[in-house]
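Note sheet for the following structure.
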Amino acid sequence: MTNPQHHHHSLARCRTLIAQLNDYLDGDLPPDLCAELEAHLTGCPDCRVVLSTLNQTVQILHTLDAAPPPLPADLEARLLARLALPSAPAPDEP
Ligand SMILES: [Zn+2]
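For the sequence shown, the residue numbers in the numbering used here are 1 to 94.
Here it is, written out as structure tokens:
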């Protein structure tokens with residue numbers, strides 16, 4: 001029997017469940033495994049983050065109908081440049 005009072009979850013358990021998240025999101029996971037996975041998610045913030053991220057990715061992919069996501073290289077470059085900037089004044093300031 002699993003002790004519901006456990007404080008530290010098994011990483012192997014997380015990995016197993018995370019491997020099933022794709023099927024879970026696709027609705028391909030059997031109901032009993034769904035319940036098991038959801039029960040684990042209830043007590044595992046780490047896996048909830050993974051699920052949330054994966055869910056968003058899946059939603060985007062479904063929205064785009066399997067089209068490659070348009071990643072603006074310009075935006076990424078600007079974000080990286082901004083992150084790399086020290087606390088210097090904005091270059092476009094008058
Ligand atoms: Zn977990």
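Think of the CB as a built atom: it goes at the ideal place given N, C-alpha and C, for glycine as much as any other residue.
Q: Quick one: grab the DSSP three-state call for GLY27.
A: coil
**Q.** Alpha-carbon spacing of ARG38 relative to CYS14, whole angstroms
**A.** As written in the sequence, residue 38 is Glu, which differs from the Arg given in the question. Distance between the alpha carbons of GLU38 and CYS14 is about 12 Å.
Q. Looking at C-alpha atoms only, which residue of LEU61, VAL50, CYS44, ARG78 is the closest neighbour of SER10?
A. CYS44
Q. What's the call for LEU17, buried or exposed, on a 16-neighbour Cβ count within 10 Å?
A. buried
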